[in-house]
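Numbering (my numbering), first residue to last: 28 to 316.
Backbone N, C-alpha and C define an ideal beta-carbon position, used for all residues, glycine too.
All figures in this text were calculated on a predicted structure; none of them were measured in a lab.
What follows is a single structure, written as structure tokens, with notes after it.
Structural data, given as structure tokens:
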């Protein structure tokens, strides 16, 4: 059977990392979460949230995580401490993952999907493979990103501007943000078509931050207008490509990036890291943002 994404073009699912529910310069963390969930509901899709346990407080987090579960969204594990995994101590890192699991198991939306903070899977083959084995032994699959981006940097720039002038016009930031996400989505879909031979139901990496709260509805409208299908995160994670493991070092990045890197055919087309503020700062500087 020919995959739907090959017959009908790319799809995109929304995944939201960290769940730092601190208030931002415009709204409370809980209000921001409500806007994120409303955008998903308005377009009839279920997303996935990858929760770092250190943000699960006794006050706001239970209400938020219960609401995500009630909305049919996935809750995945993003470690407790949100530490970078270098590969140095896989047993201690797995213990940190299990610490987060203990906080998430009460919620109906919890699934044993793990996403590495910073998409960092280890700098050594030994560390990479040891943690992969521990994750498998504990029943985990990887909640891969296929479209990586720097939404966090755009959120930081907008926050900085609003702190200086709360009346600043949001429109230029909104457009720059949408342009950035479309640029990265287009890049990773072209790379997927080359590396896998077809498009994917992609997983877009966003964070629980100001720009997601303000503009997620605009993001979904943009993808729909561009002809992309909007899909549930669970649908994306079921694709066979999401079970692939690659022997790249340093290990990690987008699943599409890793597949291209492992093939050895794209050395001149891949930058490391795949996404970073160093690539985005000159663009925003040039726009005066």
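Worksheet item: Looking at the unbroken beta strand (DSSP E) that takes in residue 317, where does it start and where does it end?
Response: Shown here, the chain extends from 28 to 316; a query on residue 317 therefore has no answer.
Discussion item. Using 8 angstroms as the cut-off, can you tell me whether the stretch 175–192 makes contact with the stretch 290–305, which would need three or more C-beta pairs spanning the two stretches below that distance?
Written reply: Note that the stretch 175–192 touches the stretch 290–305; at least 3 beta-carbon pairs, one per stretch, sit closer than 8 angstroms.
Fill in: Straight-line gap, residue 63 to residue 196 (C-alpha atoms, nearest Å)
Cα to Cα, the separation comes out at about 21 angstroms.
Worksheet entry | DSSP state of residue 138 mapped onto helix, strand, coil | Looking at residue 138 - three-state DSSP - the assignment turns out to be strand.
Worksheet item: Hey, residue 56 and residue 67: beta-carbon distance below 7 angstroms or not?
Response: Annotated as distal: residue 56 and residue 67, with beta-carbon spacing of 7 angstroms or more.
Practice prompt. State the DSSP-derived secondary structure class of residue 78, mapped to helix, strand or coil.
Written response: Reduced to three states, the DSSP call for residue 78 is strand.
Worksheet item: Given a threshold of 16 other Cβ atoms within 10 Å of its Cβ, counted over all protein chains shown, does residue 52 qualify as buried or as exposed?
Response: Classification of residue 52: exposed, given that the 10 Å Cβ count is below 16.
Worksheet entry | Through-space distance from residue 117 to residue 163, alpha-carbon basis | A direct Cα-Cα distance of roughly 13 angstroms separates residue 163 from residue 117.
Discussion item. Here's the rule: buried if 16 or more other CB atoms are within 10 angstroms of the residue's CB, otherwise exposed. What is residue 133?
Written reply: It is exposed - the Cβ of residue 133 has fewer than 16 other Cβ atoms within 10 Å.
Worksheet item: Is DSSP giving residue 268 helix, strand or coil here?
Response: DSSP, reduced to helix, strand and coil, places residue 268 within a helical segment of the structure shown.
Discussion item. Could you give the first and the last residue of the continuous alpha helix (DSSP H) run that contains residue 207?
Written reply: From DSSP, the alpha helix (DSSP H) with residue 207 extends over 198–223.
Discussion item. So if DSSP puts residue 228 in a beta bridge, which residue, or which two residues, is it bridged to?
Written reply: DSSP, once it has assigned bridges, lists 38 as partnering residue 228.
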